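What follows is a set of notes on a single structure, which appears directly below.
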Amino acid sequence: EAQVTQNPRYLITVTGKKLTVTCSQNMNHEYMSWYRQDPGLGLRQIYYSMNVEVTDKGDVPEGYKVSRKEKRNFPLILESPSPNQTSLYFCASSWARGNSPLHFGNGTRLTVT
Amino acid sequence: GDSVTQMEGPVTLSEEAFLTINCTYTATGYPSLFWYVQYPGEGLQLLLKATKADDKGSNKGFEATYRKETTSFHLEKGSVQVSDSAVYFCALSHMDSNYQLIWGAGTKLIIKP
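What follows is the structure in structure tokens.
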């Protein structure tokens, strides 16, 4: 089954403790992206990757890192999480940026205390 | 820059009612337009799209027509069901913004039996 898999689904952590949210897709998509969703703010792009070893900042990259060492994986790293990074995070992938439909994971709800 | 404006929610309707969710956009030229749907506890999924003026996208009984003259892409359904309860996002993609998806804030739809 074609899918984007995020882990974990729920994560509670404390300020400053490094964490990684994993994302994997099995559709051989070139384009991958991370979003955060906050009430009243809709979806905001954090980082995206056009292909292996190619990553770029989105609208809200501060406090986040990503890597794309393999085509299928695109982990999101929070080196020193803060409470303002409490949010619902989505990974998405598509064949290419633009008109190709985005396929989303089921989300990771992160709480930073 | 490009932008998408959606009607604020929540929108509450009774089952079998007619649905319209308004979406207008600001962009030069001819962007591609999308509606994504997010069911509770899930990631977003593409509902329908239109890539040129006067195109009509349709799926699952939902329709939206690309209106260049009014810069609109309103989502409609003739008879909603409880299972249509979700958050609906309008978005555009344009080569002038390097095909980055520009998202509306989302409209929550609640259908009562």
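One line per chain: the protein sequences are A and B, in this order. Note that my numbering has the first sequence beginning at 490, numbered continuously upward. Note that my numbering has the second sequence beginning at 73, numbered continuously upward. Beta carbons are placed, not taken as given, at the ideal position from N, Cα and C, and that holds for glycine. Computed from a predicted model, the values in this text were never measured in an experiment.
Going straight from the alpha carbon of residue i to that of residue j, what length do you get?
{"i": "B:Thr137", "j": "A:Thr502", "result": "45 Å"}
{"i": "B:Glu141", "j": "B:Gln117", "result": "28 Å"}
{"i": "A:Met521", "j": "A:Glu559", "result": "11 Å"}
{"i": "A:Leu565", "j": "A:Leu532", "result": "16 Å"}
{"i": "A:Val543", "j": "B:Asn94", "result": "36 Å"}
{"i": "B:Trp107", "j": "A:Pro570", "result": "32 Å"}
{"i": "A:Leu599", "j": "A:Ser583", "result": "24 Å"}
{"i": "B:Leu173", "j": "A:Tyr524", "result": "11 Å"}
{"i": "B:Thr96", "j": "B:Asp74", "result": "11 Å"}
{"i": "B:Leu119", "j": "B:Asn131", "result": "6 Å"}
{"i": "A:Arg498", "j": "A:Phe563", "result": "16 Å"}
{"i": "A:Gln495", "j": "B:Lys180", "result": "24 Å"}
{"i": "A:Lys546", "j": "B:Ala163", "result": "19 Å"}
{"i": "B:Tyr111", "j": "B:Met79", "result": "18 Å"}
{"i": "A:Thr504", "j": "B:Ala158", "result": "32 Å"}
{"i": "B:Tyr171", "j": "B:Gly129", "result": "19 Å"}
{"i": "B:Lys149", "j": "B:Gly178", "result": "17 Å"}
{"i": "A:Ala585", "j": "A:Glu490", "result": "20 Å"}
{"i": "B:Leu147", "j": "B:Lys124", "result": "16 Å"}
{"i": "A:Gly587", "j": "A:Lys506", "result": "35 Å"}
{"i": "B:Thr77", "j": "A:Asn573", "result": "25 Å"}
{"i": "A:Pro590", "j": "A:Arg557", "result": "20 Å"}
{"i": "B:Lys127", "j": "A:Glu568", "result": "Note on identity: in this sequence residue 127 of chain B is Asp, with Lys being the wrong assignment. Cα to Cα, B:Asp127 sits roughly 45 Å from A:Glu568."}
{"i": "B:Ser169", "j": "B:Tyr102", "result": "12 Å"}
{"i": "B:Arg139", "j": "B:Val109", "result": "21 Å"}
{"i": "A:Gln534", "j": "B:Gly115", "result": "14 Å"}
{"i": "B:Thr143", "j": "A:Leu530", "result": "22 Å"}
Thinking just about the alpha-carbon of each residue, which of the options is nearest to the one in residue i?
{"i": "A:Leu500", "options": "A:Ser513, A:Gly547 and A:Leu508", "result": "A:Leu508"}
{"i": "A:Tyr537", "options": "A:Ala581, A:Ser569, A:Thr602 and A:Ala491", "result": "A:Ala581"}
{"i": "B:Met167", "options": "B:Phe145, B:Thr77 and B:Leu105", "result": "B:Leu105"}
{"i": "A:Ser576", "options": "A:Arg561, A:Met539, A:His518 and A:Tyr553", "result": "A:Tyr553"}
{"i": "A:Val493", "options": "A:Gly587, A:Asn595 and A:Lys546", "result": "A:Asn595"}
{"i": "A:His518", "options": "A:Thr602, A:Thr597, A:Val601 and A:His592", "result": "A:His592"}
{"i": "A:Arg561", "options": "A:Glu490, A:Cys512 and A:Pro590", "result": "A:Cys512"}
{"i": "B:Phe145", "options": "B:Gly133, B:Lys121 and B:Ala158", "result": "B:Lys121"}
{"i": "A:Asp527", "options": "A:Ser556, A:Met516, A:Met539 and A:Val549", "result": "A:Val549"}
{"i": "A:Val541", "options": "A:Val555, A:Ile535 and A:Gln534", "result": "A:Val555"}
{"i": "B:Ser165", "options": "B:Ala99, B:Gly133 and B:Pro185", "result": "B:Ala99"}
{"i": "B:Gly133", "options": "B:Trp175, B:Thr84 and B:Thr92", "result": "B:Thr92"}
Interface residues of chain B around residue i at Cβ under 8 Å?
{"i": "A:Asn595", "result": "Gly113, Glu114 and Gly115"}
{"i": "A:Asn588", "result": "Ser104, Lys121, Thr123, Ser165 and Tyr171"}
{"i": "A:Leu591", "result": "Tyr108, Leu116, Leu118 and Leu173"}
{"i": "A:Phe579", "result": "Gly115 and Leu116"}
For residue i, go through chain A and note every residue whose CB falls closer than 9 Å to its CB, in chain order.
{"i": "B:Leu105", "result": "Within 9 Å Cβ-Cβ: nothing; B:Leu105 doesn't reach chain A, min ~10 Å."}
{"i": "B:Phe161", "result": "Gly531 and Leu532"}
What does residue i touch in chain A if you count any residue whose Cβ is under 7 Å from its own?
{"i": "B:Leu147", "result": "Those within 7 Å of B:Leu147 in chain A number zero; the least Cβ separation is about 16 Å."}
{"i": "B:Gly101", "result": "Those do not exist, as B:Gly101 stays about 14 Å from chain A at its closest Cβ, beyond 7 Å."}
{"i": "B:Gly176", "result": "Gly531"}
Which whole-angstrom value is the C-beta distance of residue i and residue j, which I expect to be below 8 Å?
{"i": "B:Ile182", "j": "B:Pro82", "result": "5 Å"}
{"i": "A:Thr597", "j": "A:Tyr578", "result": "5 Å"}
The ligand ATP and residue i: does the residue's C-beta get closer than 7 Å to at least one heavy atom of that ligand?
{"i": "A:Lys506", "result": "Although the ligand ATP was asked about, the structure shown includes no ligands whatsoever."}
Cβ contact check for the stretch 141-154 of chain B and the stretch 73-93 of chain B: 3 or more pairs under 8 Å = yes
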